[in-house]
Each structure stands twice: as structure tokens, then as C-alpha cells.
Amino acid sequence: MAEHSKDDRDRRLAEIRQSLGARSIVLIGLMGAGKTAVGRRLANRLDLPFIDADTEIELAAGQSIKEIFAEHGEDYFREGERKVIARLLEGGPQVLATGGGAYMNPQTRDAIKAHGLSVWLKADLRVLMKRVQRRDHRPLLATGDPETVMRKLMAERNPVYAEADITVESREVPHDVIVGAVIDALAAKLGCMTAKSAPAARRKGGR
Ligand code: S3P
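Heads up: the sequence shown begins at 23 in the numbering used here, then just goes up one per residue.
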């Protein structure tokens, strides 16, 4: 693997930031894909603010997502999610992690296309299940057998997530490895210098 000096790496990060302009890097993908963990580290590397849409929804509602689902239902949550993400997208550049269902809303997809660069963190069932089993704050997974729910969501959502500008495989490796793959893919997508090959990333045409 080619070695890059710290200066080269810093220059590449600065170039990514510059090419982004006011756009946000928007992480999408299923529950357990690592959007928050990877997003936080990615923001740190790029010296950009990190925003978690689910946290912002909870702040706006004054309730946890679990409480919003229980008291008002999923449709109400989805409407709040759409509005909050539309507002957040006005605040770029930033790294924005979205909840797993956000990108399924066509208006949110259009807003992300207009104001951001989308990155799908794509993980297989085994990885997703391993990660979501650690916590129980996700109401959708409480509606039935979690693995059956996850399989159904993968079948419904993966074809839509595939519209993302960039796809990166989220594997069982340290988060920083995934962050590196996202940075390589962003550099390639944005045409930044010293972009090296990104074996873990599958990219679609340039902008
Ligand atoms: C959801 C994912 C959750 C949260 C809500 C619904 C979904 O976010 O927005 O529980 O529909 O996939 P994470 O993907 O961050 O777990």
C-alpha cells in the first residue's frame, strides 16, 4: 500500500472540505451500520461539526425516540424527522448522521441530493444484528423478532440506499478503517488529489 505523508493527508482533507462547499456529508444506512460512530470520527478528521439527526429530533420533541413512537406513532416521528433533517441540511458543511428510515422519505432524499453528499454504510445482516443487540432503544426492532424485522428492512431499503453518491462496506473492523475508506471514496468522488484506491468502497460517477 502506498505511504502518504501527514502533509499529503492533511492537504487531501483540506481539499475535501473545500470541494464540499456548504454541502453536508450525510451518512445513511440501517440501524447498526455505524453511522454515528463513523460520522463522529469522520467529522473529527475533516474538522467539521458532527450532527446526529436522531439526537436533534429528540431535542426538538423533548422526548426520546422510543417515547415519540410510543405516544404519537411512527408517522408522527417520520414527519418530525423530515422537518428536522430539512432544517439541519441548511447548516452545512457538516457531517450529518441520519436515522435508518430517513432516506426512505422521497422529500428527504431530494433535500439530501440538493444539499449534501450521501454515504451509504452498507453492512450485512450478521454485522447489523451483532451491533443492534447491544442496546434496546430502537422501537422498530421491538415490533417482532429483531432478525426478521431487520431482514425485511434490508429487502425494502437497500435498493433505495443504493441511490447514495457513495457506498462503503461497514465491516467488523475498527471504525477508523471505515472512516479511512469513506475519506478515500470522498476524495475520489470530489476529484481531490492524492486520492488512492479505495478497495472497501464502491463509487458511482463523478459530480
Ligand atoms: C430507525 C432508525 C433509528 C431511529 C428510529 C427509526 C429506522 O436510528 O431513527 O428508531 O427506521 O431504521 P438509527 O439508524 O440511528 O438506529
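The beta-carbon is built from N, C-alpha and C at its ideal position, and this holds for glycine as well.
Every value quoted in this text rests on a predicted model; they were computed, and no experiment measured them.
| query | Which of helix, strand or coil does DSSP assign to residue 192? | reply | Residue 192: coil per DSSP, three-state reduction.
| query | Between 125, 179 and 141, which lies nearest to residue 147 when the distance is taken from Cα to Cα? | reply | It is 179 whose Cα lies nearest to the Cα of residue 147.
| task | Determine the direct distance from the alpha carbon of residue 138 to that of residue 224, and round the result to whole angstroms. | result | At residue 224 the pLDDT is 45, less than 50, meaning the model places this residue with poor confidence; the figure from the coordinates comes in the next sentence. Separation of residue 224 and residue 138 (C-alpha to C-alpha, rounded to the nearest whole angstrom) is 18 Å.
| What are the complete alpha helix (DSSP H) segments, minimum 4 residues, inside the region 29-81? | For the region 29-81, the continuous alpha helix (DSSP H) assignments of 4+ residues that do not extend past its boundaries occur at 57-68, in sequence order.
| Taking the DSSP output, what are the residues bridged to residue 123? | When DSSP reads this structure, residue 123 sits in no beta bridge, so it has no partner.
| query | Does the Cβ of residue 97 lie closer than 6 Å to at least one heavy atom of the ligand S3P? | reply | Because no heavy atom of the ligand S3P lies under 6 Å away, the Cβ of residue 97 does not count as near it: no.
| said: Taking 6 Å as the cut-off, is the beta-carbon of residue 122 closer than that to any non-hydrogen atom of the ligand S3P? | reply: Checking the Cβ of residue 122 against the ligand S3P gives yes.
| query | Counting pairs of beta carbons, one from the region 167-186 and one from the region 74-83, are three or more of them closer than 8 Å? | reply | Taking 8 Å as the limit for Cβ pairs, the verdict is that the region 74-83 does not touch the region 167-186.
| Residues of its chain near residue 70, where Cβ-Cβ distance is below 6 Å and the 5 sequence neighbours each way are ignored | Result list for residue 70: 115, 116 and 117, in chain order.
| message | Within a Cβ cutoff of 7 Å, which residues of the same chain sit near residue 84, ignoring the five residues on either side of it in sequence? | response | Cβ within range, chain order: n/a, list empty.
| field | Three-pair Cβ contact test at 8 Å for the region 184-203 versus the region 45-60 | value | Three or more pairs of CB atoms, one per stretch, sit closer than 8 Å, so the region 184-203 contacts the region 45-60.
| said: Please identify the residue among 41, 140, 95 and 129 whose C-alpha is closest to the C-alpha of residue 61. | reply: Closest option to residue 61, Cα to Cα, is 140.
| Helix or strand or just coil, what does DSSP make of residue 138? | Residue state, collapsed to three classes: strand.
| request: Just confirm the distance between the C-beta atoms of residue 88 and residue 159, as a whole number of angstroms; I'd bet it's less than 8 Å. | output: Between the beta-carbon of residue 88 and that of residue 159 there is about 6 Å, and that keeps the pair under the 8 Å contact cut.
| said: Quick test of your reading: residue 142 and residue 50, contact by CB under 8 Å. State the CB separation rounded to the nearest angstrom. | reply: For residue 142 against residue 50, the beta-carbon gap comes to about 5 Å, under 8 Å, which counts as contact.
| query | Going straight from the alpha carbon of residue 212 to that of residue 93, what length do you get? | reply | Distance between the alpha carbons of residue 212 and residue 93: 43 Å.
| query | Residues bridged to residue 117 by DSSP? | reply | According to DSSP, residue 117 bridges with 47 and 72.
| said: Among 209, 169 and 181, whose alpha-carbon lies nearest the alpha-carbon of residue 149? | reply: Selected option, being the one with the closest Cα: 169.
| Quick one: Cα of residue 161 to Cα of residue 48, how far? | A straight-line Cα-Cα distance of about 23 Å links residue 161 and residue 48.
| said: Is residue 53 close to the ligand S3P? I mean its beta-carbon at under 6 Å from any heavy atom of the ligand. | reply: The ligand S3P has a heavy atom closer than 6 Å to the beta-carbon of residue 53.
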